[in-house]
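Residue numbers (UniProt numbering): 1 to 80. By construction, the Cβ of each residue, glycine as well, lies at the ideal position given by its N, Cα and C atoms. Fair warning: this is a prediction, and the values are worked out from it, not measured in the lab. These notes concern the structure reproduced below.
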């Protein structure tokens, strides 16, 4: 746990992401943004999680929601 512990850590719930590790902009999460903190939570499973995501329209979005592949590719196309 040492590499990812913040200096001002606080309590968190089991199976709930720690926002100290990073957040994405709500509704505008790109693959790069999500992968920056998701590697700490999901250990490289971000690609698989994006493929099986049950919320492709990203209706239930929050600071650490995983973007769908469609939303991530659309956001990347818009930024180019």
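With H, G and I counted as helix, E and B as strand and the rest as coil, what does DSSP make of residue i?
i, result
"residue 54", "coil"
"residue 60", "coil"
"residue 79", "With a pLDDT of 48 at residue 79, under the threshold of 50, the modelled position of that residue is not reliable, and no figure is offered here."
"residue 43", "coil"
"residue 65", "coil"
Less than 8 Å between the CB atoms is what I'm expecting for residue i and residue j, so what's the real figure, rounded?
i, j, result
"residue 38", "residue 66", "7 Å"
"residue 49", "residue 60", "Their Cβ separation, rounded to whole angstroms, is 14 Å, which puts residue 49 and residue 60 out of contact at 8 Å."
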